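Trainee:
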Amino acid sequence: MSEFQTPTPPADEVTSDDRLWAMLSYLLTPLIPIIILLMEAKKNRPFLKAHYMQALVLGVVLAVLGTILAFIPIVGCILPVVWLIVVILYAVKA
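Residue numbers (this note's numbering): 87 to 180.
#1: So what's residue 104 in DSSP terms, helix, strand or just coil?
#2: Tell me which same chain residues have a C-beta within less than 7 angstroms of the C-beta of residue 156, skipping the five on either side of it?
#3: Under 6 angstroms Cβ to Cβ from residue 176, same chain only, skipping five residues before and after it: list those, please.
#4: Does DSSP classify residue 141 as helix, strand or coil?
#5: When the Cα of residue 144 is compared with those of 171, 101 and 106, which residue comes out closest?
#6: Kindly give me the distance between the Cβ atoms of residue 180 and residue 105, rounded to whole angstroms, as I take these residues to be in contact under 8 angstroms.
#7: Closest to residue 178 by CA distance: which of 101, 91, 110 and 98 is it?
#8: According to DSSP, simplified to helix, strand and coil, what is residue 114?
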């Protein structure tokens, strides 16, 4: 092994990079979870898989609810604020 190569962590070890991707997948859902699905090195990591799948489902559900509730003016105005609070809470947990 060359002195310039860094050893790769075991597959079950959670790195700071994994935590960053998990946080981004909640904040920028559903875009980042889809990007992680396309990255071979990231999509099979257990910690990331749990978080990006949960963030993807959250993003799809919020998009559908947002579309449906946009037809009700008062609820449609409040939903983005509630969505932002939920996403921030999930990002802090990751």
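For every residue, glycine included, the Cβ atom is placed at its ideal position computed from N, Cα and C.
All of these numbers come straight from a predicted model, not from anything done at the bench.
Mentor: For this structure:
#1: What you label residue 104 is simply residue 18 of the sequence shown in a count that begins at 1. If DSSP states are grouped into helix, strand and coil, residue 104 belongs with the helices.
#2: Position 70 of the sequence shown, counted from the first residue, corresponds to residue 156. Once the five neighbours on either side are set aside, the close Cβ partners of residue 156 are 162.
#3: Position 90 of the sequence shown holds residue 176. Contacts found: 112.
#4: If you number the sequence shown from 1, residue 141 lands on position 55. Residue 141: helix per DSSP, three-state reduction.
#5: Counting from 1 along the sequence shown, the entry for residue 144 is found at position 58. Comparing Cα-Cα distances from residue 144 to each of 171, 101 and 106, the minimum goes to 171.
#6: For the purposes of this step, residue 180 is identified with residue 94 of the sequence shown, where counting begins at 1. For the purposes of this step, residue 105 is identified with residue 19 of the sequence shown, where counting begins at 1. Right, their Cβ atoms sit about 6 angstroms apart.
#7: By one-based count along the sequence shown, residue 178 stands at place 92. Looking at the Cα atoms, 110 is the closest of the given residues.
#8: In the sequence shown, the residue the question calls residue 114 occupies position 28. If DSSP states are grouped into helix, strand and coil, residue 114 belongs with coil.
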